[in-house]
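Student: Have a look at this one.
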Ligand code: BGC
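Numbering (the working numbering), first residue to last: 6 to 561.
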C-alpha cells in the first residue's frame, strides 16, 4: 500500500475549523508499529503505516507522548518536551512523519503534558541540586515535612496511581507528585514554567503540528494553604467552586488564554483539546474560543450501552457546546480505559468505574460474567452511532479491528504504574489496551515488528490482525472503513434532530441534515426500520429487521 496523493476536497488546508467535526485516531506510539525490530513501536513504524491510516479514512492523528522519557507512566513522564525519545526516533523522522501525514491529507495533534515532568527532567535535577528556597526548586512544589524533623509528609494525600503524593528528597524537603513519584508537579505560579510551555507550543507548531491534546488540563494551577487539609477533607471541598486547592481553579484559564494567543499566531490557528475530568458546566470554560477551544467529554465512555443514558449524554453535550461555541468530542475507547467491546460484554456498570472492566477478564478467554460476542456487536453499534453524531470523534488504535482488552498479561510484562501501586479503581491497570497491534496473521509479533513485542500479544491476535480482517468483508475493519467513508460523504452542519416516533426505551433514532438517519437498537429483539435506503448496518439485517445491539444508517 502506498500513499494516494490526498484528495483534500473534504478539508481545506487553511480551514480554521477543521477540528470541529474531525475523526481523530489516537496512536500510542510505542505499541503501533515497530520498524527497527527492537520490540518497541517507533516513528518509522508509523510512517510506514500512513497508507493504512489513509485507507481507514481518518482526518487526524493524535500522537500520545513520543518524547524522551524513563517510561514510569507510558511516556506521560516527559524528560524533554522538545525532542523525540531516541529509542523511537529523531526530530528528522518526526518531520518526515508530519510531511507523510500531510501528504495523505491527515493532520497531526500531539500530546502535551504540562501538569508534571519526569523526575529526570533537567529542571527537576537542577531543583534537587540547588536546594531549598532556590529559584530552581520554585519551579516545582516543594514543602517542609511535619514532625519534629520534618520526617512526616506535609499531608496524607494519596497519588492517583496509589502511594503517597509527597516524596522526600535527600535534604529532607518533600515534593508533590499527583500521579507517581517519578512525575513531579510543576508550580504553575512560576513564570519560568509558563514561559517554557509557550516555547514548547511554538516549537511543535513551527514543525507543522496542527493541534495539541492537553493532558489533565484542569490540574495545572494549585493553591496550597500553609496548613494542608487532610485527604478526606480535601474531597469534601466544593470541586466546582473554581477555588479547590488542587484542581479546576479559575486561574488555570489565564494559562489557556495565553496559550490561545500563541496558537492563534499560526495560520490556520493550532487546535487544542483539553483532557479534563470536571462537571459539564465547568468543561465549557476549557472549550471556549479564547481558551483551548475544545474539551474531551467522556460521558459516552462512562455510560452503559443503554438508550436512555446515551440520549441524555448526547442531549446534554450538544446543549453545552451550543452555549460555549465549541463542538462536541465523542470517545468510546482510549489508552486509559478498558476497550469498549469488552466493557459492553460486562454486566451494567452500576456505579462501577469503567477502568475496573479488566478485572472481569481471565486468561484472555471469555470468563464468567462476560459475553465477548455481545460486547463486540454492541461496540460496532455504539461506534456507528458515535460516528453519526455532530462534532469530532476520537478513535483509539486497534478499535477499528474490534480488539478486546487483553486480560492475561503476566505481572512481569506489565508496565502501568497503576498495576504496581494498586491505584484506586485501576484493577489490572491499563496495559490490556496498550498491547502492540497485530498487522499480520503470523510472525514473532503479528507484523508489529520483527521481534517479540514489548507487551506480549495473545495468540488470538492472529485472527483479528489487519491481514485477517482485510480478507473478511464482514470484519470490524471493513465496517470502520465503510462508516468513515460514508461519514465523510454525509457529514454536514453540526445539527441533530431526535426522531421520537422511531425512538423508545431501547431504540434511539436521530436525523442529521441532508437526510442521514441513524437508528440504534439497544435491546435484544429485532426492530423494524422506516422505509428508506439502508446505507450501512453494524450487523446484518434479520429478515429486513434491525437486529438487537445494532445500528443502521439510512438515507431518508
Ligand atoms: C493520561 C494518562 C496519564 C495521566 C498522567 C492522563 O490523563 O491520559 O495516561 O497516566 O494523565 O499524565
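Beta carbons are placed, not taken as given, at the ideal position from N, Cα and C, and that holds for glycine.
Please read all numbers here as calculations on a predicted model, not as lab measurements.
For residue 242, does the count of other Cβ atoms within 10 angstroms reach 16, so buried, or fall short, so exposed?
Tutor: So residue 242 ends up on the exposed side.
Student: So is the beta-carbon of residue 190 under 6 Å away from any non-hydrogen atom of the ligand BGC?
Tutor: no
Student: Let me know the secondary structure DSSP gives residue 538 once reduced to three states.
Tutor: strand
Student: Looking at C-alpha atoms only, which residue of 288, 317, 415, 552 is the closest neighbour of residue 328?
Tutor: 288
Student: Just the Cα atoms here: how many angstroms apart are residue 235 and residue 160?
Tutor: 6 Å
Student: Using a Cβ-Cβ cutoff of less than 7 Å, which residues in the same chain neighbour residue 310 once the five nearest sequence positions on both sides are dropped?
Tutor: 349, 383, 387, 527
Student: Write down the C-beta distance between residue 458 and residue 44 rounded to the nearest angstrom, noting that I regard them as a contact closer than 8 Å.
Tutor: With a Cβ gap of about 6 Å, residue 458 and residue 44 count as contacting.
Student: For residue 101, which residues in the same chain have their Cβ closer than 7 Å to its Cβ, ignoring the five residues on either side in sequence?
Tutor: 52
Student: On the DSSP bridge list, what partners appear for residue 169?
Tutor: 163
Student: Quick one: any contact between the stretch 242 to 253 and the stretch 268 to 278, if contact means 3 or more CB pairs under 8 Å?
Tutor: Segment contact: the stretch 242 to 253 against the stretch 268 to 278, fewer than three CB-CB distances shorter than 8 Å; contact not assigned.
Student: Using only the alpha-carbon positions, how far apart do residue 108 and residue 139 sit?
Tutor: 48 Å
Student: Check the C-beta distance from residue 121 over to residue 190 and give it rounded, since I have them as a contact under 8 Å.
Tutor: 5 Å
Student: Using the C-alpha atoms, what's the distance from residue 547 back to residue 221?
Tutor: 45 Å
Student: Where are the alpha helix (DSSP H) runs, 4 residues long or more, that stay fully inside the stretch 421 to 463, in chain order?
Tutor: 422 to 426
Student: Could you spell out the range, first to last residue, of the beta strand (DSSP E) harbouring residue 514?
Tutor: 512 to 517
Student: Between the beta-carbon of residue 502 and the beta-carbon of residue 516, is there less than 7 Å?
Tutor: Result yes, Cβ atoms of residue 502 and residue 516 sit closer than 7 Å.
Student: Which of the three DSSP states, helix, strand or coil, is assigned to residue 248?
Tutor: coil
Student: The ligand BGC and residue 184: does the residue's C-beta get closer than 6 Å to at least one heavy atom of that ligand?
Tutor: yes
Student: So, at 7 Å on beta carbons, what are the nonlocal neighbours of residue 435 in its own chain, with the 5 sequence-adjacent residues on each side left out?
Tutor: Closer than 7 Å at Cβ, skipping near neighbours: 340, 341, 421, 423.
Student: Per DSSP, which residues does residue 180 bridge with? Please list them.
Tutor: 147, 172
Student: Cβ-heavy atom distance between residue 29 and the ligand BGC below 6 Å?
Tutor: no
Student: Anyone know if the C-beta pair for residue 124 and residue 70 falls short of 7 Å?
Tutor: no
Student: Can you tell me whether residue 418 is buried or exposed, with buried defined as 16 or more other CB within 10 angstroms of its CB?
Tutor: exposed
Student: Compute the minimum distance between the beta carbon of residue 221 and the heavy atoms of the ligand BGC, and state whether it is under 6 Å.
Tutor: Yes, the Cβ of residue 221 comes within 6 Å of a heavy atom of the ligand BGC.
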